[in-house]
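Notes for the one structure printed next.
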Amino acid sequence: MIKQFWQTMTALAVLVTAVSGLSLMYLGLSNMSLTPATSYSEWTNLPVTFPSIWNILRPAASAGWLVTIVVLVLQILLTGGFYGTLIRTNTGQAASVNTFMSDALRSFGRLLTWNILWAAIFLLIAAVARSLPQAALLLTILAIIVRFVFLFAETALVGEGRVPMANALRTAAVTLLGRMMQMIPFGVIVIVLSGLAEKLFASFPLLRIPTVLAYALAMTWILHMIVARYIYYSNYQSSPISRD
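All residue numbers for the sequence shown refer to the numbering used here, where the first residue is 11 and numbers rise by one.
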């Protein structure tokens with residue numbers, strides 16, 4: 011079981027490295043415009059989707075809607091397969107390319123809905139903050155708290171296959187609130203890693219490749235630890251397959 015775990019984690023590390031490398035290559039060849047770093051994107055996003063450059067940077071509006079949609083779809087598919095694989099390996103289940111694709115397709119609708127919902131909340135917060143600058147700090151803090159409460163959301167949405175989406179999110183929130191003090195360090199680490207990676211990428215062009223690769227690999231391990239804690243704290247019993 012230990013050997014299987016490390017084989018799976020190695021495969022995920024290779025995958026996130028490959029995706030990051032291909033993404034950097036594409037950005038270099040296409041000269042795509044990216045959204046500039048802002049305090050709101052750094053501190054309220056708490057990105058826990060598939061570890062890649064697209065967690066810390068986004069295509070600018072000038073890049074066109076097609077590029078944005080393609081990035082969103084690919085990121086969500088990778089997130090579903092990634093979390094499904096982590097859940098399987100943390101519950102002693104076999105993981106493979108086939109199960110990765112199965113988990114990705116099975117959870118796509120839920121993860122898409124969740125990402126769109128949070129993106130809408132984020133845009134609303136950013137708009138209000140621009141109109142009421144004096145409320146920016148308060149809104150930022152509230153956004154961090156709300157997003158942190160749903161730190162287990164992706165894990166629950168992928169793992170709780172036959173449970174309604176609302177119930178899965180409720181389970182994620184209740185589980186987190188019951189273990190809030192133990193999970194605060196993970197939320198802080200995700201925020202710091204993402205903000206630091208975004209700053210380094212924007213400020214030091216020569217460090218972009220090592221920054222993205224180090225960020226993706228570090229987040230792979232952090233997300234494994236988050237998934238493992240959800241499984242333990244929520245008394246998760248069934249494999250993703252048996253819940254489909």
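The C-beta atom is built at its ideal place from N, Cα and C for all residues, glycine as well.
Keep in mind that this is a model prediction, so the values were computed, not measured.
Roughly how many whole angstroms lie between the Cα atoms of H234 and S30? Separation of H234 and S30 (C-alpha to C-alpha, rounded to the nearest whole angstrom) is 18 Å.
In whole angstroms, give me the CA-to-CA distance for L227 and T20. In a straight line, the C-alpha of L227 is about 10 Å away from that of T20.
Do I241 and N100 count as a contact pair if the criterion is CB distance below 7 Å? For N100 and I241, yes; Cβs fall inside 7 Å.
With DSSP run on the structure shown, which of helix, strand or coil describes Y242? It is helical.
On the three-state DSSP scale, how would you describe P69? In the structure shown, P69 sits in a strand (DSSP, three-state: E or B).
Considering Cα atoms alone, identify which of T230, P174, F214, S72 is closest to L96. Of the candidates T230, P174, F214, S72, the one whose C-alpha sits nearest the C-alpha of L96 is T230.
Same chain only: Cβ atoms within 6 Å of P61, ignoring 5 sequence neighbours per side: Non-local C-beta neighbours of P61 in its own chain, meaning closer than 6 Å and more than five positions away in sequence, comprise V26, A226, M229, T230, ordered along the chain.
Chain-order list of residues whose beta-carbon lies under 7 Å from that of I86 (same chain, five-residue window excluded): Shown here for I86: same chain residues with a beta carbon closer than 7 Å to its own, the five before and five after excluded, namely F118, L121, L122, N125 in chain order.
Could you check where the alpha helix (DSSP H) with W124 kicks off and where it finishes? Element bounds for W124: 118–141.
Is the region 108–117 touching the region 166–178 in the sense that three or more CB pairs, one from each, lie closer than 8 Å? As far as the Cβ criterion goes, the region 166–178 touches the region 108–117, which means the pair count is three or higher.
Ends of the alpha helix (DSSP H) at V173? Premise fails: V173 is in no alpha helix (DSSP H) and is neither H nor E.
Cα-Cα separation between N65 and W75, rounded to whole angstroms: So the two alpha carbons sit approximately 18 Å from each other.
Using DSSP's beta-bridge definition, name the partner residues of L44. According to DSSP, which records beta bridges pairwise, L44 is partnered with P69.
Under 7 Å Cβ to Cβ from A178, same chain only, skipping five residues before and after it: list those, please. Hits under 7 Å: A166, L167, E170.
What is the DSSP secondary structure of T59, reduced to helix, strand or coil? For T59, the secondary structure class from DSSP, reduced to helix, strand or coil, is coil.
Given that a residue counts as buried once 16 or more other Cβ atoms are within 10 Å of its Cβ, and exposed if not, what is A163? Looking at its Cβ environment, which holds 16 or more other Cβ atoms inside 10 Å, A163 is buried.
Is it buried or exposed for P174, if we count other Cβ within 10 angstroms and need 16 for buried? Exposed.
Looking at A183: is its Cβ nearer than 7 Å to the Cβ of V159? Against a cut-off of 7 Å, the Cβ pair of V159 and A183 comes out as a contact.
My output table needs one value for A153: the three-state DSSP class, helix, strand or coil. The DSSP-derived three-state label of A153 is helix.
From L186, L216, K209, V202, pick the residue whose C-alpha is nearest to that of R239; which is it? When only C-alpha atoms are compared, the closest one is L186.
Hey, T18 and A105: beta-carbon distance below 7 Å or not? By the CB criterion at 7 Å, T18 and A105 fall inside the cutoff.
If you drop the 5 nearest sequence neighbours on each side, which residues of the same chain put their C-beta closer than 7 Å to that of L203? Apart from sequence neighbours up to five positions away, the residues of its chain that approach L203 with a beta-carbon distance below 7 Å are Y225, A228, M229, ordered along the chain.
Using the Cα positions of I12 and L22, report the straight-line distance between them to the nearest angstrom. Cα to Cα, the separation comes out at about 15 Å.
Measuring alpha carbon to alpha carbon, tell me which of L161, L217, A176 ends up nearest M191. Ranking L161, L217, A176 by Cα distance to M191 puts L161 first.
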